[in-house]
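Trainee: Pasting a structure here, questions to come.
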Amino acid sequence: MEKNYRTTSGKFWQTVQRLRRGKQLSANTVYSGGGELLAVTGDIVGRWKEYFKDLLNPTDTPSVEEPEAEDSEVDSFIPQAEVTEVVQQLLGGKASGVDEIRPEYLKSLDVVGLSWLTRLCNIAWQSGTVPLDWATGVVIPLFTKGDRRVCSNYRGITLLSLPGKVYSRVLERTVRPLVEPRIQEEQCGFQPSRGTLDQLYTLHRVLEGSWEFAQPVHMCFVDLEKAFDRVPHGILWEVLWEYRVCGPLLRAVWSLYNRSRSLVRIASCKSDLFPVHVGLRQGCPLSPVLFIVFMDRISRCSQGLEGVWFGDHRISLLIFADDVVLLAPSSLGLQHALGHFAAECEAAGMRVSTSKSEAMVLHWKKVACTLQVGGEVLAQVEQFKYLGVLFTSEGRMDCEIDRLIGAAAAVMRSMYRSVVVKKELSRKAKLLIYQSIYVPTLTYGHELWVMTERNDISTQRAYILRALSVYLNEDYEKLMQEYAKPKNLSWTSGTIEAFQKLKAAFCTAPNLIHADPTWPFVVEVDASALGVGAIFSQRRGETPILHPCAYFSKKLSPAEQNYDIGDRELLAIKLAL
Numbered sequence: 001m002e003k004n005y006r007t008t009s010g011k012f013w014q015t016v017q018r019l020r021r022g023k024q025l026s027a028n029t030v031y032s033g034g035g036e037l038l039a040v041t042g043d044i045v046g047r048w049k050e051y052f053k054d055l056l057n058p059t060d061t062p063s064v065e066e067p068e069a070e071d072s073e074v075d076s077f078i079p080q081a082e083v084t085e086v087v088q089q090l091l092g093g094k095a096s097g098v099d100e101i102r103p104e105y106l107k108s109l110d111v112v113g114l115s116w117l118t119r120l121c122n123i124a125w126q127s128g129t130v131p132l133d134w135a136t137g138v139v140i141p142l143f144t145k146g147d148r149r150v151c152s153n154y155r156g157i158t159l160l161s162l163p164g165k166v167y168s169r170v171l172e173r174t175v176r177p178l179v180e181p182r183i184q185e186e187q188c189g190f191q192p193s194r195g196t197l198d199q200l201y202t203l204h205r206v207l208e209g210s211w212e213f214a215q216p217v218h219m220c221f222v223d224l225e226k227a228f229d230r231v232p233h234g235i236l237w238e239v240l241w242e243y244r245v246c247g248p249l250l251r252a253v254w255s256l257y258n259r260s261r262s263l264v265r266i267a268s269c270k271s272d273l274f275p276v277h278v279g280l281r282q283g284c285p286l287s288p289v290l291f292i293v294f295m296d297r298i299s300r301c302s303q304g305l306e307g308v309w310f311g312d313h314r315i316s317l318l319i320f321a322d323d324v325v326l327l328a329p330s331s332l333g334l335q336h337a338l339g340h341f342a343a344e345c346e347a348a349g350m351r352v353s354t355s356k357s358e359a360m361v362l363h364w365k366k367v368a369c370t371l372q373v374g375g376e377v378l379a380q381v382e383q384f385k386y387l388g389v390l391f392t393s394e395g396r397m398d399c400e401i402d403r404l405i406g407a408a409a410a411v412m413r414s415m416y417r418s419v420v421v422k423k424e425l426s427r428k429a430k431l432l433i434y435q436s437i438y439v440p441t442l443t444y445g446h447e448l449w450v451m452t453e454r455n456d457i458s459t460q461r462a463y464i465l466r467a468l469s470v471y472l473n474e475d476y477e478k479l480m481q482e483y484a485k486p487k488n489l490s491w492t493s494g495t496i497e498a499f500q501k502l503k504a505a506f507c508t509a510p511n512l513i514h515a516d517p518t519w520p521f522v523v524e525v526d527a528s529a530l531g532v533g534a535i536f537s538q539r540r541g542e543t544p545i546l547h548p549c550a551y552f553s554k555k556l557s558p559a560e561q562n563y564d565i566g567d568r569e570l571l572a573i574k575l576a577l
């Protein structure tokens, strides 16, 4: 392991992941569709083929229709420079597809080899047809959880041809600029410069603001049944047409799915080929952008007047790929939003999973929220894990922090015997594992934390330093003393400039105007646990800008600090008037 750390980082991390997972038992038997236990290799492979064939070819899906080819503003050929750039960005060490071409083969091509690959891509582009190997996927079942003998407890990953993935990446570079400007802000999945943290922060701020003003938020966390594998191809072409993907470009995308087929590989055994009429190709560079376009059409058509206000924005749903959260101020409004969303999903060939979709209400007291989809009632919960972060009906992060501490402790236990106590493993290797696995596990989503007496930052620091002392075999008290020493930090010029702007904003009083009694006043108040404040403003003329006339603040007395948030804000209005 130490040798791999110094020479081959890929093998080093593969070993680390294998040690974390522990011994993985292989499924030598599976249940047939009728519940019979199969033990013969040929029968097992046949059962896997039957399962994935039924999964990827549901009977209630529209047929695949060829889109009409019309003129489009795309280039008539693919330049070799673009193909070369895509090949150079391929990651090494990845599995090959049915043609057994590995990424290292393509990355080692010279100018002549790249010119032939470019020529092959241009033939596919101009003819609207791709080689059969490019449309063939090798499905590998991966166990998720539950009984290893049940096929539904596995998810399939599909290995595709690497030259075909190069062609798909070239198409993705053309499709994305066309559709991205039309994607709604509510969608954060598969978007450049946006990730799970953006969505988590948005949801957290909405809940935090609603809690501060004692406004309930009714939420429904919607789960779609195998969303990626249920996208109907015929509807997908219609959606792409609406988003201005048409002509030769649409035909090129269609060519990847026209003759799509797959086979299942179990160990060294392969099943027969079977056609695939539904779903997006797993592992294809083009699939993420196609999926967010498909989901954006559903969310756009299902949005109504429901939603919660956050500042000047009304937010009715948040969506990250297929992870959907519906928001409404009341149970009735949430039921309307859920009904519209479920109807649009059904029309698009998708289905809401009633067993995994759940409702939750953010409120200081328990409020019932009964939601139904297709006559089935959804469960109401007090907490829900969304994008890896646990949200509760009380709006607190204590449960999430405790969960992260437990997860970090589990990481420590899984790595203790195999990594921590290994004397042959260098200090640098242990420190790298600690920084790459333990710390991210403990601090995931820490940007959302609000430090209180219950979850003081010193508690998190203590867990991190204690784990570090175990990994490096160092004295914990010594590490605490080193950490407590004052640090000599220097600010960058950009940081200094930002601080000066922030300081000026806090220290400069607003420019007040003289109050005009002939115009109406606007009173804005805010209240915290320790004080209240208010601003008197007026709108003059036709301009909608508020101009402050006067402002005040007051520290609350110990008795006033016991008021709830609503009474504190009423007190602020009374004192202001």
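The UniProt record's numbering applies: residue 1 is where the sequence shown begins, and numbers increase by one. Backbone N, C-alpha and C define an ideal beta-carbon position, used for all residues, glycine too.
Considering only the alpha carbon of each residue, which of 450, 449, 444 and 411 lies closest to residue 434?
Mentor: The shortest Cα separation from residue 434 among 450, 449, 444 and 411 belongs to 411.
Trainee: Can you tell me whether DSSP reads residue 309 as helix, strand or coil?
Mentor: Looking at residue 309 - three-state DSSP - the assignment turns out to be strand.
Trainee: What residue does the alpha helix (DSSP H) around residue 548 start on, and which one ends it?
Mentor: Premise fails: residue 548 lies in the beta strand (DSSP E), 547-555, not in any alpha helix (DSSP H).
Trainee: How many whole angstroms separate the CB atoms of residue 571 and residue 563, which I take to be in contact at a CB cut-off of 8 Å?
Mentor: Between residue 563 and residue 571 the Cβ distance is about 7 Å, and since that is below 8 Å, they are a contact.
Trainee: Return the first residue and the last residue of the alpha helix (DSSP H) that residue 287 is part of.
Mentor: Segment 287-302, the alpha helix (DSSP H) holding residue 287.
Trainee: Take residue 421 as the anchor and find which of 53, 440 and 470 has the nearest alpha-carbon.
Mentor: With distances taken between Cα atoms, residue 421 lies closest to 470.
Trainee: In terms of alpha-carbon separation, which member of 449, 280, 226 and 425 lies closest to residue 1?
Mentor: For residue 1, the nearest C-alpha among the options comes from 425.
Trainee: Just checking, does the segment 430-445 make contact with the segment 402-416 on the three C-beta pairs under 8 Å criterion?
Mentor: Verdict: yes, contact present.
Trainee: Roughly how many angstroms lie between the CA atoms of residue 516 and residue 185, to the nearest whole one?
Mentor: Roughly 40 Å separates the two Cα atoms.
Trainee: Please give me, in chain order, every unbroken run of the beta strand (DSSP E) with length at least 3 that falls completely inside the segment 379-403.
Mentor: Within the segment 379-403, the complete beta strand (DSSP E) runs of at least 3 residues are 383-386 and 389-392.
Trainee: Between residue 540 and residue 519, what straight-line distance do the alpha-carbon atoms span, to the nearest angstrom?
Mentor: Computed Cα separation, rounded: 7 Å.
Trainee: Suppose you measure from the CA of residue 187 to the CA of residue 194; what does that come to, to the nearest Å?
Mentor: Near 9 Å, if we compare the C-alpha coordinates of residue 194 and residue 187.
Trainee: With residue 537 as the anchor, note down where its beta strand (DSSP E) starts and where it stops.
Mentor: Element bounds for residue 537: 531-538.
Trainee: Answer yes if the segment 279-288 comes into contact with the segment 152-171, meaning at least three C-beta pairs across the two stretches below 8 Å, and no otherwise.
Mentor: The answer is yes - the segment 279-288 touches the segment 152-171, with three or more Cβ pairs under 8 Å.
Trainee: Based on Cα-Cα distance, which residue from 353, 191, 474 and 347 lies nearest to residue 221?
Mentor: Answer by Cα proximity: 353.
Trainee: Could you check whether residue 297 and residue 231 sit closer than 8 Å to each other, using their CB atoms as the reference points?
Mentor: No.
Trainee: Consult DSSP for residue 119 and reduce its assignment to one of helix, strand or coil.
Mentor: Residue 119: helix per DSSP, three-state reduction.
Trainee: Work out the CA separation of residue 523 and residue 356 for me, nearest whole Å.
Mentor: The alpha-carbon atoms of residue 356 and residue 523 are separated by roughly 45 Å.
Trainee: How about residue 579 and residue 52: are their beta carbons less than 8 Å apart?
Mentor: Outside the shown range of the chain (1 to 577) lies residue 579, about which nothing can therefore be said.
Trainee: Kindly list the residues whose CB is nearer than 6 Å to the CB of residue 273, restricted to its own chain and excluding five residues on each side of it in sequence; keep chain order.
Mentor: Around residue 273: 261 and 263.
Trainee: Cutting at 7 Å between CB atoms, please list the residues of its own chain near residue 50, excluding the five before and the five after it.
Mentor: Hits under 7 Å: 33.
Trainee: Could you pull out every residue in the same chain whose Cβ sits closer than 8 Å to the Cβ of residue 453, ignoring the five residues on either side in sequence?
Mentor: Note on residue 453: pLDDT 45, under 50, position unreliable in the model; the coordinate value appears next. Once the five neighbours on either side are set aside, residue 453 has no close Cβ partner at all.
Trainee: Taking DSSP's pairing of strands, which residues face residue 591 in a bridge?
Mentor: Within the shown structure, residues of the chain are numbered from 1 to 577, placing residue 591 beyond reach of any answer.
Trainee: Evaluate residue 495 with the Cβ neighbour count: other Cβ atoms within 10 Å of its Cβ, from every protein chain shown; 16 or more gives buried, anything less gives exposed.
Mentor: Burial call: exposed.
Trainee: Could you name the residues that DSSP lists as bridge partners for residue 220?
Mentor: For residue 220, which the question treats as bridged, DSSP gives the partners 326 and 359.
Trainee: From residue 481 to residue 475, what distance separates their C-alpha atoms?
Mentor: C-alpha separation (whole angstroms): 10 Å.
Trainee: Quick one: grab the DSSP three-state call for residue 101.
Mentor: Coil.
Trainee: Could you tell me which residues DSSP puts in a beta bridge with residue 372?
Mentor: Beta-bridge pairing links residue 372 to 377.
Trainee: How about residue 243 and residue 293: are their beta carbons less than 8 Å apart?
Mentor: Contact: yes.
Trainee: Rounded to whole angstroms, what is the Cα-Cα separation between residue 490 and residue 497?
Mentor: Answer to the nearest angstrom: the Cα atoms are 13 Å apart.
Trainee: Could you check which residue in 362, 139 and 258 has the C-alpha nearest to that of residue 269?
Mentor: Closest by alpha carbon: 139.
Trainee: Could you tell me if residue 73 is buried or exposed, where buried requires 16 or more neighbouring beta carbons within 10 angstroms of its beta carbon?
Mentor: Low per-residue confidence applies at residue 73: pLDDT is 47, beneath 50, and the placement is therefore not dependable, though the value from the model is reported in the following sentence. Exposed: under 16 other Cβ atoms inside 10 Å.
Trainee: Below 6 Å CB to CB, which residues in the same chain sit around residue 133 once its five sequence neighbours on both sides are set aside?
Mentor: Hits under 6 Å: 98, 99 and 161.
Trainee: Between the C-alpha atoms of residue 173 and residue 288, what's the straight-line distance to the nearest angstrom?
Mentor: Roughly 12 Å between the two C-alpha positions.
Trainee: Count the other CB atoms within 10 Å of the CB of residue 558; is the residue buried (16 or more) or exposed (fewer)?
Mentor: Counting Cβ neighbours within 10 Å, residue 558 comes out exposed, since fewer than 16 surround it.
Trainee: Verify whether the separation of the beta carbon atoms of residue 389 and residue 200 is less than 8 Å.
Mentor: Yes. Within cutoff.
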